[in-house]
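For the sequence shown, counting from 1, position 597 maps to 598 in the numbering used here; every step adds exactly one. Heads up, the beta-carbon is just placed ideally off N, CA and C, and yes, glycines get one too. Keep in mind that this is a model prediction, so the values were computed, not measured. All remarks here apply to the structure that follows.
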Amino acid sequence: MKLLSLFLSSLLAVSAFAADRPNILWLTSEDHGPHMGCYGDTYADTPNVDALAAKGMLFKHAWSCAPVCAAARTTIIAGMYSPSTGGEHMRSMVAMPKGTKMYPQFLREAGYYCTNNSKEDYNLEKPEGVWDESSGKANWKNRKEGQPFFAIFNETCSHESQLRKRPHVAIHDPAKVRVPAYHPDTPEVRQDWAQYYDQVTLADASAGRRLKEIEEAGLAEDTIVFYYADHGSGMPRNKRWPCNSGLQVPMVVYFPPKWKHLAPKEYGAGVKSDRLVSFVDLAPTLLSIIGVQPPEWMQGHAFAGKFQTELQPYVYGFRGRMDERYDCVRSVTDGRFVYLRNYMPHLSQGQHVNYQFETPSTRVWRQLYDAGKLTPEQSIFWKVPKDPEELYDLQSDPDEVHNLASRPEHADTLAKMRAAQERLALKIRDAGMVSEGEMHHRSEGTTPYDMAHDDKLYPLARIVKAAGAASSLKADAMPDLKAGFADKDSGIRYWSAMGILMRGGDGVNAARDEITQAAKDSSTYVQVAANWALAKYGNEAERSTALLALVNLANWSQHDVFTSISALNAIGDLGDKAKPVAEQLKALPAKGESPDGRFGGYVARLLGDLRGEKVAAGDAEGAPEPTKKARKKGKK
2 MKLLSLFLSS
12 LLAVSAFAAD
22 RPNILWLTSE
32 DHGPHMGCYG
42 DTYADTPNVD
52 ALAAKGMLFK
62 HAWSCAPVCA
72 AARTTIIAGM
82 YSPSTGGEHM
92 RSMVAMPKGT
102 KMYPQFLREA
112 GYYCTNNSKE
122 DYNLEKPEGV
132 WDESSGKANW
142 KNRKEGQPFF
152 AIFNETCSHE
162 SQLRKRPHVA
172 IHDPAKVRVP
182 AYHPDTPEVR
192 QDWAQYYDQV
202 TLADASAGRR
212 LKEIEEAGLA
222 EDTIVFYYAD
232 HGSGMPRNKR
242 WPCNSGLQVP
252 MVVYFPPKWK
262 HLAPKEYGAG
272 VKSDRLVSFV
282 DLAPTLLSII
292 GVQPPEWMQG
302 HAFAGKFQTE
312 LQPYVYGFRG
322 RMDERYDCVR
332 SVTDGRFVYL
342 RNYMPHLSQG
352 QHVNYQFETP
362 STRVWRQLYD
372 AGKLTPEQSI
382 FWKVPKDPEE
392 LYDLQSDPDE
402 VHNLASRPEH
412 ADTLAKMRAA
422 QERLALKIRD
432 AGMVSEGEMH
442 HRSEGTTPYD
452 MAHDDKLYPL
462 ARIVKAAGAA
472 SSLKADAMPD
482 LKAGFADKDS
492 GIRYWSAMGI
502 LMRGGDGVNA
512 ARDEITQAAK
522 DSSTYVQVAA
532 NWALAKYGNE
542 AERSTALLAL
552 VNLANWSQHD
562 VFTSISALNA
572 IGDLGDKAKP
582 VAEQLKALPA
592 KGESPDGRFG
602 GYVARLLGDL
612 RGEKVAAGDA
622 EGAPEPTKKA
632 RKKGKK
């Protein structure tokens, strides 16, 4: 009897806790930036979101943190930056940090009925009990009578894959498109941009239908509405690149009069807020709205509700592996200036990501670059090396094509933004400052997040310093790089090898003994970087030995999947210098064991590219087949 009474009391408490709560509706769409009428885009046709913004408010500076869906959604679901959890790489999989929850779990505990319709695509293992329902049929209508709801409806019609579908019924005239300065003005580019705007119009119509459903159910005055997209447009140099064009998203919110006390402090009909917000802020904001104090481990800042914080000076972005291609970029904006730190400047922005090259604009853009027919602004995407640091002024250069990083008059701004980026890396314990495979190996028996918070396992300050020296491309960093080869930590040795690679022939000549020794390092990831440098910039004998070593490292039957992907990326960068091992590449296996099926298709795609074979792009983002096997043969 006592237990029953206790249970009923608890149930009543939860019901009372939930009764005086607003409903929350998230209308999300894929792959589109702020190309909407409410953001001042006169070419756009978005009447429904425009009307929502007129009675509600929009954020002028909203960033998605990641310029690709899985990494962006991973940030949202956890309330933590994906480089902090180890989930920054596209279609990867890591464990949730110990003692943490995904945000719907908090809402469900508060009595909310939580639905997701329907995309998840997290790079974090999902615990039990995250959603009441997550499917194409999930709907707030299925809740108990009187139960408050949190519901997501995700629209896929604006996804990158829809920009290139032909035939297509046009809504917008390609002749009237504004072609940004970084794109060539060709019929293909104009068609893709116009079709993108068409799909945004369809996403807007979808939002209108969902809002009408709420209104017809008599719930409009009890429902807080958010509309946002998951990252920049699906066009190349928007999606996958962490500058403003890849990270800025529309974010429109509406708080009915009854719930206006929960709105951002600057809220008002038609207000365009200068507050800097990003995806890492969404989870704490939700908790704040329902009266739950966000836990300290959440890394964002609530911008609405009982626990909303003061304005933040910066928002941040990142780029890790994009499908089959590795990179490491971190970015920051203060709303006017955008700063990018390229930790792998030897790789172009436009690496050959199989799925991206399905878009006609990408292919014709590359063809024109190879033919020498592009302007300097249009060539930035393809050039190597990238600038180690980039700084853009969005007021005078909204297309981000004039790098101010070397201008003396902007030295103070550059230093300020660089310091902000490094502070965040240290604060969140950025787990992505070593190779992906190294991160996984160091995390065995724990999680990447917890590993990265243990300085004995992950001496982050030293690793960040080594990565900065390596990627600076400065000659005066050479003594530190050479000394780094003797370090006990393989992460330091990795960045020393990468630093020599980044400096080309001069680097190899200056550290020949060290890089030759590193080619046989106990870490396969150091081996890849060192052999890459020798194969590309060494003498004929060194190149021959290094090529064979890279083929061995690319053999998935002999090494873990991350070593294989890394080695194949290195071989792909060698171009004609890899011709002597063309036959050996044909014999390499395209399948093997992997810690999760999400990693499984990338080796096949890389091998297909090297062999000149047409490889299937995969699903909506090129995800591998979902078969999971144990990790094998990794080396620290």
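Fully enclosed alpha helix (DSSP H) runs of no fewer than 4 residues occupy 377 to 380 of the segment 375 to 409, in order along the chain. A distance of 7 Å or more separates the beta carbons of N355 and P389. As a beta-bridge residue in DSSP terms, Y255 pairs with V226. Between the beta-carbon of I153 and that of N117 there is about 5 Å, and that keeps the pair under the 8 Å contact cut. If one requires a minimum length of 3 residues, the beta strand (DSSP E) runs lying completely within the segment 61 to 148 are 114 to 118, in chain order. Taken through DSSP and simplified to helix, strand or coil, L203 comes out as helix.
According to the DSSP assignment, A547 belongs to the alpha helix (DSSP H) that extends over 541 to 554. Taking C-beta atoms under 8 Å as the contact rule, D490 and S85 fail to qualify, at a distance of about 20 Å. Around the beta carbon of G269, fewer than 16 other beta carbons sit within 10 angstroms, so the residue counts as exposed.
Per DSSP, T286 lies in no beta strand (DSSP E); the unbroken alpha helix (DSSP H) holding it starts and ends at 283 to 290. Here DSSP, grouped into helix, strand and coil, assigns G469 to helix. Nearest to A52 by alpha-carbon distance, out of Y327, T29, G209, is G209. According to DSSP, S159 shares a beta bridge with no other residue. Non-local C-beta neighbours of S279 in its own chain, meaning closer than 6 Å and more than five positions away in sequence, comprise W64, C66, V316, ordered along the chain.
C-alpha of D133 to C-alpha of S595: approximately 30 Å in a straight line. Annotation: the continuous beta strand (DSSP E) that includes W27 extends over 24 to 30. About 30 Å separates the Cβ atoms of A571 and V402, ruling out a contact at the 8 Å cut-off.
By the Cβ-count criterion, Q368 is exposed, with fewer than 16 other Cβ atoms from all chains shown falling within 10 Å of its own Cβ. In this structure, DSSP gives Y356 a state outside helix and strand, which the three-state scheme calls coil. Boundaries cannot be given for D431, as no alpha helix (DSSP H) includes it and DSSP labels it neither H nor E. Rounded to the nearest whole angstrom, the C-alpha separation of P377 and T310 is 42 Å. By the Cβ-count criterion, N540 is exposed, with fewer than 16 other Cβ atoms from all chains shown falling within 10 Å of its own Cβ.
By the neighbour-count criterion, in which a residue is buried when 16 or more other Cβ atoms sit within 10 angstroms of its Cβ, V385 is exposed. The shortest CA-to-CA distance from Y229 to any of A111, C39, S30 is the one to S30. Nearest Cα to S93 within the set G485, D455, L405, Y123: Y123.
Here S136 is exposed, its C-beta having fewer than 16 other C-beta atoms within 10 Å. In this chain, the beta strand (DSSP E) harbouring V278 covers 272 to 279. Between the alpha carbons of K266 and E129 lies a distance of about 36 Å. Inter-residue distance for G112 and E216 is about 23 Å (C-alpha atoms, whole angstroms).
If you draw a straight line from the Cα of R238 to the Cα of K142, it comes to about 40 Å.
Cα atoms of I25 and F304: separation of roughly 15 Å, rounded to the nearest angstrom.
Assignment of Y40 by DSSP, reduced to helix, strand and coil, places it in the helix class. In this structure, the CA atom of K273 is about 32 Å from the CA atom of R408.
DSSP places T47 in the coil class of the three-state scheme, outside both helix and strand.
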